[in-house]
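A short worksheet on the structure shown next.
2 protein chains.
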Amino acid sequence: MAYELHYWPMLQGRGEFVRLALEDAGADYVDVARGSEADGQGIGALTRFLEDPSIPRPAFAPPVLRDGDTLVGQTAAILLYLGPRLGLVGDAEADRIWTHQIQLTIADVVAEAHDTHHPIAVSLAYEEQKPEAARRAQAFRRDRIPEFLAWFEHILDRNDGRHLVGDRVTYADLSLFQLVDGLLYAFPKAAAAALAASPKVASLHGAIPERPRLAAYLASPRRIPFNQQGIFRRYPELDA
Amino acid sequence: MAYELHYWPMLQGRGEFVRLALEDAGADYVDVARGSEADGQGIGALTRFLEDPSIPRPAFAPPVLRDGDTLVGQTAAILLYLGPRLGLVGDAEADRIWTHQIQLTIADVVAEAHDTHHPIAVSLAYEEQKPEAARRAQAFRRDRIPEFLAWFEHILDRNDGRHLVGDRVTYADLSLFQLVDGLLYAFPKAAAAALAASPKVASLHGAIPERPRLAAYLASPRRIPFNQQGIFRRYPELDA
């Protein structure tokens with residue numbers, strides 16, 4: 040049975056980390072909210088799913104993966120669940136937990152990147168928190184992007200220089216590609232400067248999209264372009 | 040061999056979620072940075088550990104758990120690792136991933152609670168970001184505390200009303216106790232109001248510290264009091 044991904048249809052967001060894993064593995068999946076209403080899919084199906092009071096284990100927020108009777112929410116938990124099933128993580132427990140630890144650190148950067156344009160409240164528009172966003176983005180560019188990229192560079196260096204864990208691609212590598220891609224979109228100047236000091240991270244970011252299934256995905260209409268609704272948004276004043 | 044917890048010695052912080060699990064299980068562990076320098080422990084040992092370039096899989100930040108040769112960082116990943124070993128999670132994969140999903144949602148609330156006093160940058164003091172903190176705290180009190188507590192109430196209700204998962208205490212229950220305890224410390228007025236609408240969450244918060252080993256821990260000097268260095272800080276102006 041196909042996996043079902045329940046996520047917003049108009050943005051990459053956190054769902055994109057799951058899409059990349061499913062696409063790289065060539066998995067059979069339905070991106071529910073992007074299907075047609077005629078097939079019982081679309082945004083209406085997502086809304087009904089999120090509000091369904093009969094679900095015994097409802098997630099706080101999407102993305103949610105359905106695998107038969109099992110529902111999993113929280114991006115990192117979804118990848119923890121999918122990793123072994125998609126062949127995107129090693130077999131040893133120590134490798135699996137380390138891969139997950141890296142994923143959780145990526146999730147931390149993602150949350151901080153989001154908060155550069157929403158430092159006060161998700162319930163307010165960016166335009167209602169611009170001065171605070173400018174301050175937070177400055178600290179993110181100056182301190183946090185370099186600190187996090189230096190850590191990814193260091194752990195790549197401590198491994199084989201090309202993969203985060205072991206000698207083949209895991210879901211964490213796919214997610215690091217997505218993180219760097221998003222940072223380059225949102226903060227082209229600051230991210231490029233930090234990547235110049237992190238050559239192994241830059242190489243990984245270049246190598247991942249050459250994987251055949253990912254190359255096909257990224258060139259397809261299934262890959263939603265970055266836009267001003269997602270986590271990574273290009274406000275030039277936040278990359279000044 | 041005893042577990043080693045590597046974490047800041049002067050605050051509860053994220054390490055407290057790990058301490059609660061270890062204490063509730065009666066596990067043999069060393070809280071390294073709180074030991075004596077004469078025994079090779081203390082803050083010096085923590086600093087040396089965090090800066091040790093020979094560690095093949097260094098964490099981005101503490102807490103870090105050592106179990107023999109295995110190091111695990113990221114609070115939720117540590118609990119994922121410890122859960123089965125301490126008998127604090129069910130056996131079925133579906134139960135384990137759901138428990139972890141809840142833990143990750145708790146981690147999200149913790150990060151948001153932290154950012155009420157640090158909405159701009161961790162590198163700045165609270166006093167350097169007070170106006171922004173006031174705005175962020177207002178949104179957190181008004182929107183986020185009620186939203187998150189309503190979700191915990193709902194999933195308790197969908198389960199047995201007393202435990203988050205299954206019919207016995209998991210590490211997620213211990214963590215929800217700690218989250219609520221922290222919210223009540225930092226936002227006594229707002230948290231009490233939200234808890235009045237979440238009676239099952241309030242009951243869980245009352246029941247967990249009655250567990251004998253936890254009661255002994257909480258009454259001991261091993262439990263660091265809440266203070267103005269941790270995640271949960273009492274600034275009356277942020278609970279106005």
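Just so you know, the sequences run in chain order W and G. Per our numbering, the first sequence starts with residue 40, numbered consecutively. Per our numbering, the second sequence starts with residue 40, numbered consecutively. All C-beta atoms, glycine included, are put in the ideal place defined by N, C-alpha and C. Nothing here was measured: the structure is a model prediction, and the numbers come from that model.
{"Item": "Pro97 of chain G burial status per 10 Å Cβ neighbour count (16 or more: buried)", "Value": "buried"}
{"Item": "For Ile270 of chain W and Gln168 of chain G, the rounded distance between their alpha carbons", "Value": "23 Å"}
{"Item": "Complete beta strand (DSSP E) runs within the stretch 76-111 of chain W (minimum length 3 residues, chain order)", "Value": "103-106"}
{"Item": "One or two residues paired with Asp70 of chain G in a DSSP bridge", "Value": "G:Leu44"}
{"Item": "Partners in chain W for Glu55 of chain G, counting only beta-carbon separations shorter than 8 Å", "Value": "In chain order: nothing, as chain W lies at least about 18 Å away."}
{"Item": "Closest Cα partner of Arg124 of chain G within the set G:Ile194, G:Arg175, G:Gly65", "Value": "G:Gly65"}
{"Item": "Backbone secondary structure at Gly65 of chain G - three-state DSSP", "Value": "coil"}
{"Item": "Minimum C-alpha distance to Val229 of chain W - residue among W:Val111, W:Arg180, W:Val69", "Value": "The sequence given here has Ala at residue 229 of chain W, not Val. It is W:Arg180 whose Cα lies nearest to the Cα of Ala229 of chain W."}
{"Item": "Top-ranked residue by Cα proximity to Gln113 of chain W, from W:His139, W:Val128, W:Asp91, W:Gly126", "Value": "W:His139"}
{"Item": "Helix, strand or coil at Val128 of chain G according to DSSP, with G and I counted as helix", "Value": "coil"}
{"Item": "Within-8 Å CB hit, Leu44 of chain G to chain W", "Value": "no"}
{"Item": "Spatial neighbours of Gly83 of chain G in its chain, beta-carbon cut-off 7 Å, leaving aside the 5 residues before and after", "Value": "Glu76"}
{"Item": "First through last residue of the alpha helix (DSSP H) which encompasses Gly52 of chain W", "Value": "It is not in any alpha helix (DSSP H) - Gly52 of chain W carries neither H nor E in the DSSP assignment."}
{"Item": "Near-chain W residues of the stretch 104-115 of chain G - C-beta to any C-beta below 7 Å", "Value": "Thr109, Val111, Gly112, Gln113, Ala115"}
{"Item": "Partners in chain G for Tyr274 of chain W, counting only beta-carbon separations shorter than 7 Å", "Value": "Correct list: empty, because the minimum Cβ distance to chain G is about 17 Å."}
{"Item": "Selected residue, minimal CA-CA separation from Leu277 of chain G, among G:Ile94, G:Trp47, G:Leu119, G:Arg174", "Value": "G:Arg174"}
{"Item": "Nearest-angstrom Cα separation, counted from Val111 of chain W out to Tyr120 of chain W", "Value": "8 Å"}
{"Item": "C-alpha gap between Glu62 of chain G and Asp70 of chain G, whole angstroms", "Value": "11 Å"}
{"Item": "Members of the stretch 203-229 of chain W that neighbour chain G once the beta carbon cut-off is set at 8 Å", "Value": "none"}
{"Item": "Burial state of Ala131 of chain W (16 or more Cβ within 10 Å)", "Value": "exposed"}
{"Item": "Boundaries of the alpha helix (DSSP H) in which Gln217 of chain G is found, first to last residue", "Value": "210-225"}
{"Item": "Rounded C-alpha distance that separates Ala241 of chain G from Pro95 of chain W", "Value": "21 Å"}
{"Item": "Distance CB(Pro92 of chain W)-CB(Arg73 of chain W) smaller than 8 Å", "Value": "no"}
{"Item": "Gly79 of chain G versus Asp108 of chain G - alpha carbon distance", "Value": "19 Å"}
{"Item": "His46 of chain W versus Gly126 of chain W - alpha carbon distance", "Value": "According to the sequence provided, residue 46 of chain W is Tyr. The question's His does not apply to it. Using only the alpha carbons, I get a separation of about 23 Å."}
{"Item": "Exposure label - Gly200 of chain G; buried when at least 16 CB within 10 Å", "Value": "exposed"}
{"Item": "Beta-carbon neighbours of Pro185 of chain G, restricted to chain W and to distances below 9 Å", "Value": "Chain W residues near Pro185 of chain G: none, gap ~12 Å exceeds 9 Å."}
{"Item": "Val161 of chain W - DSSP class collapsed to helix/strand/coil", "Value": "coil"}
{"Item": "Simplified DSSP assignment, three categories, for Phe191 of chain G", "Value": "helix"}
{"Item": "Three-state secondary structure assigned by DSSP to Arg207 of chain W", "Value": "coil"}
{"Item": "Helix, strand or coil at Tyr120 of chain G [DSSP, three-state]", "Value": "helix"}
{"Item": "Phe191 of chain W beta carbon less than 8 Å from that of Leu215 of chain W", "Value": "yes"}
{"Item": "6 Å CB neighbourhood of Arg53 of chain G in its chain, flanking five on each side removed", "Value": "Pro102, Thr114"}
{"Item": "Closest residue to Asn266 of chain G among G:Leu253, G:Ala236, G:His153 (Cα-Cα distance)", "Value": "G:His153"}
{"Item": "CA nearest to the CA of Pro248 of chain G, picked from G:Val149, G:Leu195, G:Val219", "Value": "G:Val219"}
{"Item": "Proximal residues of chain G, C-beta to C-beta of Leu143 of chain W below 7 Å", "Value": "Gln113, Ala115, Ala116"}
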